[in-house]
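Residue numbers (our numbering), protein chains in the order written: chain A, 134 to 600; chain B, 519 to 696. Please read the structure below before turning to the comments.
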Amino acid sequence: MDEACREIREDLIEKPDGTLSAEKERRIEGHIERCAECRAFAADLTGLAGAMSALARREEKDLAPLAARRPSLARRLVLAAGILVLAAAAFTAGRTTAPRPPVPEPDPTEEPPVVTQVVEIRIPAGSDTPALLAGLQAARTALARGDEALAGECLDQVARVAAGSAPEKEARGAALLAGASAEAAAGRTAGARSRVQEFRSADPASPALGPTLAWLAEVEAGAGEWDQSARHLADALAAGVAPLPEGTVRLAFGGALEKAGRVEKAREAYLDASRAPGAGRWGTEARLALARLDLGRRGDLAEAERTLRELEAAGVALPPELERLLLVLQDPGEREALQAYVLAQREGAAEYYLDLLVREHPESEATRRLFAKLHPIEEERPVRARVERLGELASRLPPALAAYSWLVAGDLLAVDLEDRAAAKIAYEKAARLSTGRLGRLALALSRGEREPGSTSAREACILASLE
Amino acid sequence: MDEAESELFRRWRAGDRSAFGRLFSLHANAMYQSALSVAGSSEEARDVVQETYVRLAGRLADWRGEGSLVAWFATVSRRLAIDRRRRKGALPLPAEGASSRDEGPEAAAAGLEEGEILRRAVDALPPLQRETVRLRYFAGLSLAEVAAVRGTALGTVKATLHQAIEKLRREMGDQSNG
Numbered sequence: 134m135d136e137a138c139r140e141i142r143e144d145l146i147e148k149p150d151g152t153l154s155a156e157k158e159r160r161i162e163g164h165i166e167r168c169a170e171c172r173a174f175a176a177d178l179t180g181l182a183g184a185m186s187a188l189a190r191r192e193e194k195d196l197a198p199l200a201a202r203r204p205s206l207a208r209r210l211v212l213a214a215g216i217l218v219l220a221a222a223a224f225t226a227g228r229t230t231a232p233r234p235p236v237p238e239p240d241p242t243e244e245p246p247v248v249t250q251v252v253e254i255r256i257p258a259g260s261d262t263p264a265l266l267a268g269l270q271a272a273r274t275a276l277a278r279g280d281e282a283l284a285g286e287c288l289d290q291v292a293r294v295a296a297g298s299a300p301e302k303e304a305r306g307a308a309l310l311a312g313a314s315a316e317a318a319a320g321r322t323a324g325a326r327s328r329v330q331e332f333r334s335a336d337p338a339s340p341a342l343g344p345t346l347a348w349l350a351e352v353e354a355g356a357g358e359w360d361q362s363a364r365h366l367a368d369a370l371a372a373g374v375a376p377l378p379e380g381t382v383r384l385a386f387g388g389a390l391e392k393a394g395r396v397e398k399a400r401e402a403y404l405d406a407s408r409a410p411g412a413g414r415w416g417t418e419a420r421l422a423l424a425r426l427d428l429g430r431r432g433d434l435a436e437a438e439r440t441l442r443e444l445e446a447a448g449v450a451l452p453p454e455l456e457r458l459l460l461v462l463q464d465p466g467e468r469e470a471l472q473a474y475v476l477a478q479r480e481g482a483a484e485y486y487l488d489l490l491v492r493e494h495p496e497s498e499a500t501r502r503l504f505a506k507l508h509p510i511e512e513e514r515p516v517r518a519r520v521e522r523l524g525e526l527a528s529r530l531p532p533a534l535a536a537y538s539w540l541v542a543g544d545l546l547a548v549d550l551e552d553r554a555a556a557k558i559a560y561e562k563a564a565r566l567s568t569g570r571l572g573r574l575a576l577a578l579s580r581g582e583r584e585p586g587s588t589s590a591r592e593a594c595i596l597a598s599l600e
Numbered sequence: 519m520d521e522a523e524s525e526l527f528r529r530w531r532a533g534d535r536s537a538f539g540r541l542f543s544l545h546a547n548a549m550y551q552s553a554l555s556v557a558g559s560s561e562e563a564r565d566v567v568q569e570t571y572v573r574l575a576g577r578l579a580d581w582r583g584e585g586s587l588v589a590w591f592a593t594v595s596r597r598l599a600i601d602r603r604r605r606k607g608a609l610p611l612p613a614e615g616a617s618s619r620d621e622g623p624e625a626a627a628a629g630l631e632e633g634e635i636l637r638r639a640v641d642a643l644p645p646l647q648r649e650t651v652r653l654r655y656f657a658g659l660s661l662a663e664v665a666a667v668r669g670t671a672l673g674t675v676k677a678t679l680h681q682a683i684e685k686l687r688r689e690m691g692d693q694s695n696g
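Below you can see the structure in the form of structure tokens.
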């Protein structure tokens, strides 16, 4: 194949994008007429592209359940709202004497128009509790498809039905709560809060108040309003959260306080949650949260380790990253690196600890993470741009950190771009900048005596899930 | 960005979370293919797509508005897949379905439909070619988008695809002649 054929074939690959100039298009046509081999290439290319596209469509079908699986914040909110609507529906339970037909669940594989029909057919105005449940189910189905607007409409319908099918006082309460659900589903946290406040003023002794406040707190947490969330969880606990397990609400309280930056208060809440009567599983979750808090915001590696060892001794199966953490801590070098990392977090002296880490533990994941934190190289940037940014950083940083920049750049070049020659140059630059441990590592990498990006420390990679 | 995508994007920017859900669904395949081109298995690629959702939700501000949205989504997905592989210390990447290579061409071809043979041929390409083919023909990205995702020049993408297509032609030709 000569150079002209190669160019034509590469242009044939670009042709479907419609970005070729008219002149290039004409050149391709002329060439194809004359050259049988390129004609055959064009035909094969069309066939292969079509076949690969068909394969992709088949794989795409397997992706359909992803929409239902994805851990959407909005989904959590509406599911939480669903619980609240059920509570609202309970107002009307027993008020109707009509027999309650079973409520079939809509098939989640149906097309969206069917969901709309379900809403229209199953929730006529003025119908009773089963209709509320059907509306709720329709909202869930709509949500599983990612149609959060429709889910909001369903919940609005539910609110209207609830208001129309119960005696006045209950209807008002139900309507306020269902209205709060709809507000939350539409992402209007302030609206949800205002309706719950109205509900609270109208009936401060309602047994539904505690769970409702806990629900509102979750909505606020979803919107990142951690102070409000913590306040409402405290109110919920004061009002009584039954039938919700107290342990889970206390755990959520600790989480909200932690997010609001009230670290010591959060620690107390986690401890309370772990000691709550009948805490069980929630107690374990609270201890795990405590260990994470100690490790992260409090920078107390020893305390975190103590909690984890106790859980381990009690036969609790630790999450994999915490199990690995305990393993990593058995290595004195990694222990030291992690300790420096957590101190860097706590003491706000990250530059000092980074310098220490780079000199003493250049291979540690802790070093890598701290470097990335202090000198962010956005992951979404193309790899070449990240390498350029690292090179630019290297020109401004002190020698040890500059060497580290080149080491990271070398790894990117070797692992992501598979450009060993360019990686070698980057490693050599790193080796020239450091005569210590980092320099020796860079030298070994430049000579191919070490595999880039595959150190045992990196395998541990525990810190990402602890932050 | 086409008109529908622009509208969804505008709604997402205005705080409509359902718009993000739709945008995500629209480009789920591109993210999946992008992850699969790096990940060790389709199951892992699916997990990466999940992770991408979490990563992207609420990070609108991170998008600089350069290039296409699908390329950004695919880039994030690819990076997460690379990070996962790296965490597992599993680089260099194994080819998914490479086991057919061990069976010998006859055994591998027996009982396989043409689509499956093609898939295995794609999976058996060298990592760089396989990834580029997946992004272009399975994810349906334009050459410019593939270049953005891979962080490489357009010309390099064209050359890589050319080499890959030639290999696939030979492989598929061998299969049909054999």
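Think of the CB as a built atom: it goes at the ideal place given N, C-alpha and C, for glycine as much as any other residue.
| query | result |
| --- | --- |
| Within chain A, partners of B:Q681 - CB distance below 9 angstroms | Here the premise fails: no neighbours, minimum Cβ distance about 10 angstroms. |
| Which of helix, strand or coil DSSP assigns to A:D464 | coil |
| Proximity of A:L526 and A:S538 at Cβ, strictly below 7 angstroms | yes |
| Sub-7 angstroms separation of A:L434 and A:Q472 beta-carbons | yes |
| 3-residue-minimum beta strand (DSSP E) runs that sit fully inside the region 369-446 of chain A, ordered along the chain | none |
| Residue range of the unbroken alpha helix (DSSP H) whose run includes A:R104 | Because chain A is modelled from 134 through 600, residue 104 of chain A falls outside the range shown and cannot be assessed. |
| Under 8 angstroms from the C-beta of B:R638: neighbouring residues of chain A | By Cβ distance, chain A contributes nothing, its closest Cβ being about 11 angstroms from B:R638, past 8 angstroms. |
| Where A:R159 falls, given that 16 or more other Cβ within 10 Å makes a residue buried | exposed |
| Beta-carbon contacts of B:R529 that lie in its chain and below 7 angstroms, excluding the five residues immediately before and after | A537 |
| Range of the contiguous alpha helix (DSSP H) that encloses A:L349 | 342-355 |
| Any chain A beta carbon closer than 7 angstroms to B:F527 | no |
| Cβ pair B:A553, B:A599 closer than 7 angstroms | yes |
| Assigned secondary structure, B:R648 (DSSP; H/G/I helix, E/B strand, else coil) | helix |
| Own chain residues within Cβ distance below 7 angstroms of A:L349, not counting five before or after | A325, R326, V329, H365 |
| A:R514 - containing alpha helix (DSSP H), residue span | Counting along the chain, A:R514 falls outside any alpha helix (DSSP H), and DSSP gives it neither H nor E. |
| Proximal residues to A:Y560 (C-beta, below 6 angstroms), its chain only, five neighbours per side dropped | G543, A575, L578, S579 |
| 7 angstroms Cβ shell around A:R431 - same chain, five flanking residues per side excluded | V396, R479 |
| As assigned by DSSP and simplified to three states, the class of A:A499 | helix |
| Stretch-stretch touch, CB-based, cutoff 8 angstroms, three pairs: the region 550-565 of chain B with the region 510-518 of chain A | no |
| Residues, ordered as in the chain, of the region 504-521 of chain A that lie near chain B by beta-carbon distance below 9 angstroms | E511, E512, E513, R514, P515, V516, R517, A518, R519, V520 |
| B:L659: first and last residue of the uninterrupted alpha helix (DSSP H) it sits in | Where B:L659 is concerned, there is no enclosing alpha helix (DSSP H), given that its DSSP letter is neither H nor E. |
| Interface residues of chain A facing B:V594 [CB-CB closer than 9 angstroms] | E512, E513 |
| Length of the line joining the Cα atoms of A:R591 and A:C171 | Bear in mind that the predicted position of A:R591 carries a pLDDT of just 40, short of 50, making it too unreliable to give a figure here. |
| Below-7 angstroms beta-carbon distance, A:L441 vs any chain B residue | no |
| Check whether A:L384 and A:A369 have beta carbons under 7 angstroms apart | no |
| Proximal chain A residues relative to B:K676, where beta-carbon distance stays under 7 angstroms | E143, I146, E147 |
| Where A:L426 falls, given that 16 or more other Cβ within 10 Å makes a residue buried | buried |
| CA nearest to the CA of A:E496, picked from A:P531, A:E584, A:K562 | A:E584 |
| Interface partners of B:L661 on chain A, CB under 8 angstroms | I146, E147, D150, T152 |
| Through-space distance from A:R468 to A:L462, alpha-carbon basis | 5 angstroms |
| Sequence-distant residues of the same chain with beta carbon closer than 8 angstroms to B:R652, five excluded per side | Q551, S552, L554, S555, V640 |
| Neighbour list for B:R597 in chain A, Cβ cutoff strictly below 8 angstroms | E512, E513 |
| Same chain only: Cβ atoms within 6 angstroms of A:L540, ignoring 5 sequence neighbours per side | A563, A575 |
| Test: B:L653 CB closer than 7 angstroms to a CB of chain A | no |
| Reference A:G448, options A:L458, A:L476, A:R414, A:D464, closest by Cα | A:R414 |
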